[in-house]
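Residue numbers (this note's numbering), protein chains in the order written: chain A, 1 to 192; chain B, 193 to 384. Structure first, commentary second.
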DNA sequence: AAAATTTGCTAACGAACGTTAGGTTGTTTA
DNA sequence: TAAACAACCTAACGTTCGTTAGCAAATTTT
């Protein structure tokens, strides 16, 4: 299943790996060019600026995360089931592309305005989705939690370091990781 | 309780705030100087290099984390109690200085060798401490967890984003946050 | 009062940075 | 076959970077 990438996509992919490993600011266009085997100036035949790459990665991943939890959301289900589905969907996106996920999670702060503000608004909307499930679960007596925002941030935090250690060839596959995390975190919410 | 700081400590503190907010690479010595109200060159009367600041912050925090879990460790206690104590100790260090914690957690990768390798060794040793508690808990039947490394990383991940939202004047104080997180995470480990 | 230390300055260095201009080559389209 | 395009080059631009040299003033120590 060999996917053929356009030059622009190659550049984006290579840049993503560098942004993850060294950070956006510590990655120079000459580093990127070197990795691609061309001159730095040549990159500008395909992209407009260094930040354009960052923008494309950040907003593409934001879309992927939204689509994933939207598709996974099962209406008319209990809060526990809905939260489990959202967690699994989130983890699947994270593990499908750990490099782009790392950039999405850590490098967005180097976006300039108005992209920076737009990104934060999206991220907040994403968290609201989780917050609503938690609130529903509290009302239904499924969850016992001191603060819903606190709970959401803790859950997402626990999930969002997967990219630092996940390897597709590791002993746990994405599905197992997702369900293990989901049951562990759900148990944590049901404290008596 | 006004603490008088030496100029060197002032520089380190101001730099730490900038490193947290913009990242090490995106913070220039001229930014730092500007914040201090002096010229960039003047900073070099007090420090040897930009990286020296990063080194001091990273290794000072590493020490603080080690001391905290060492002091909190209660021998002859159950694994649950030991883990709870370690989590609370960890959270207290995190909340006592969120800026230095953020640098410790995210900016260490900009250390040059051999400091980079030394730092990673320390961090690994720290994780081993938690891993041993988890293993003890599994053997004693207190915890049911698929993989001890997995559990430790999940716990630390859940804790290590506190610095992004914690405010001393917020509605939860450090103690409450620590115990809430500890009970939530401990419950997660006791899944049936 | 002399010596030492602290704290800062101006000026400048060489290197690295993101990016642009203008040109060449090979491939695809009309 | 001509025109258009894709992909890359060399050369260079203006800027910013971390840092050094050398000096001046104030403060502290001896």
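Each residue gets a CB set at the ideal place from its N, CA and C atoms; glycine is no exception. In this text, all values refer to a predicted model and were calculated from it rather than measured experimentally.
Residue 366(B) beta carbon less than 7 Å from that of residue 287(B): Taking the C-beta atoms as reference points, residue 366(B) is found nearer than 7 Å to residue 287(B).
Distance cut-off 6 Å: residue 69(A) Cβ against heavy atoms of the ligand SAH: This structure simply doesn't include the ligand SAH, nor any ligand for that matter.
Range of the contiguous alpha helix (DSSP H) that encloses residue 324(B): Segment 307 to 331, the alpha helix (DSSP H) holding residue 324(B).
Validate contact between the region 3 to 14 of chain A and the region 44 to 52 of chain A using beta carbons, cut 8 Å, 3 pairs: Taking one beta carbon from each stretch, the region 3 to 14 of chain A and the region 44 to 52 of chain A have 3 or more pairs nearer than 8 Å; the two touch.
Outcome for residue 164(A) when other beta-carbon atoms lying within 10 angstroms are tallied against a minimum of 16: An exposed status is given to residue 164(A), since fewer than 16 other beta-carbon atoms sit within 10 Å of its beta-carbon.
Three-way DSSP call (helix, strand, coil) for residue 188(A) in this model: Residue 188(A) falls in the helix class under three-state DSSP.
Collapsed DSSP secondary structure at residue 266(B) in the structure displayed: In this structure, residue 266(B) counts as coil in the three-state DSSP scheme.
Same chain, Cβ closer than 7 Å to residue 272(B), neighbours up to 5 away in sequence not counted: The beta carbon of residue 272(B) is closer than 7 Å to those of 329, 334 and 378 in its chain, skipping five residues each way along the sequence.
Residue 133(A) beta carbon less than 7 Å from that of residue 75(A): The answer is no: Cβ separation not under 7 Å.
Alpha carbon of residue 92(A) to alpha carbon of residue 104(A), nearest angstrom: The alpha-carbon atoms of residue 92(A) and residue 104(A) are separated by roughly 15 Å.
Counted within 10 angstroms of its Cβ, other Cβ atoms place residue 303(B) as buried (16 or more) or exposed: Buried: at least 16 other Cβ atoms inside 10 Å.
Three-pair Cβ contact test at 8 Å for the region 142 to 160 of chain A versus the region 58 to 73 of chain A: As far as the Cβ criterion goes, the region 142 to 160 of chain A does not touch the region 58 to 73 of chain A, which means the pair count is below three.
Whole-angstrom distance between residue 232(B) and residue 373(B), CA atom to CA atom: Cα to Cα, residue 373(B) sits roughly 42 Å from residue 232(B).
Chain-ordered chain B contacts of residue 25(A) [CB-CB under 7 Å]: Those are 215, 217 and 218, listed as they occur along chain B.
Coil, strand or helix - residue 5(A) by DSSP: Coil, per DSSP.
Three-way DSSP call (helix, strand, coil) for residue 369(B) in this model: In the structure shown, residue 369(B) sits in a helix (DSSP, three-state: H, G or I).
Outcome for residue 63(A) when other beta-carbon atoms lying within 10 angstroms are tallied against a minimum of 16: With fewer than 16 other Cβ atoms from the protein chains shown falling within 10 Å of its own Cβ, residue 63(A) counts as exposed.
Chain-ordered chain B contacts of residue 173(A) [CB-CB under 8 Å]: By Cβ distance, chain B contributes nothing, its closest Cβ being about 12 Å from residue 173(A), past 8 Å.
C-beta atoms of residue 219(B) and residue 210(B) nearer than 7 Å: With contacts defined by Cβ atoms closer than 7 Å, residue 219(B) and residue 210(B) form a contacting pair.
Residue-chain proximity (residue 376(B), chain A), Cβ-Cβ < 7 Å: Interface residue, yes.
Among 15(A), 118(A), 57(A) and 146(A), the one whose alpha carbon lies nearest that of residue 34(A): Residue 34(A) has its Cα closest to that of 15(A), out of 15(A), 118(A), 57(A) and 146(A).
Neighbourhood of residue 192(A) by C-beta distance below 6 Å, restricted to the same chain and skipping five residues each side: Because the pLDDT at residue 192(A) is just 48, under 50, the model does not fix this residue reliably, and the point stays unresolved.
Unbroken alpha helix (DSSP H) run spanning residue 302(B), endpoints: In this chain, residue 302(B) is not harboured by any alpha helix (DSSP H), its DSSP state being neither H nor E.
Contact set for residue 149(A): own chain, Cβ-Cβ below 7 Å, skip 5 residues either direction: Contacts found: 131.
Cβ of residue 232(B) within 7 Å of any chain A Cβ: The C-beta of residue 232(B) comes no closer than 7 Å to any C-beta of chain A.
Minimum Cβ-Cβ distance from residue 338(B) to chain A less than 7 Å: True, the Cβ-Cβ gap to chain A drops below 7 Å.
Backbone secondary structure at residue 45(A) - three-state DSSP: Annotated three-state conformation of residue 45(A) is helix, per DSSP.
Minimum Cβ-Cβ distance from residue 349(B) to chain A less than 7 Å: Chain A places a beta carbon closer than 7 Å to that of residue 349(B), counting this residue as a contact.
Residues within the region 108 to 132 of chain A neighbouring chain B, beta-carbon criterion of under 9 Å: The residues in question are 109 and 110.
Pairwise C-alpha distance: residue 370(B) and residue 381(B): Approximately 17 Å, taken between the alpha carbons.
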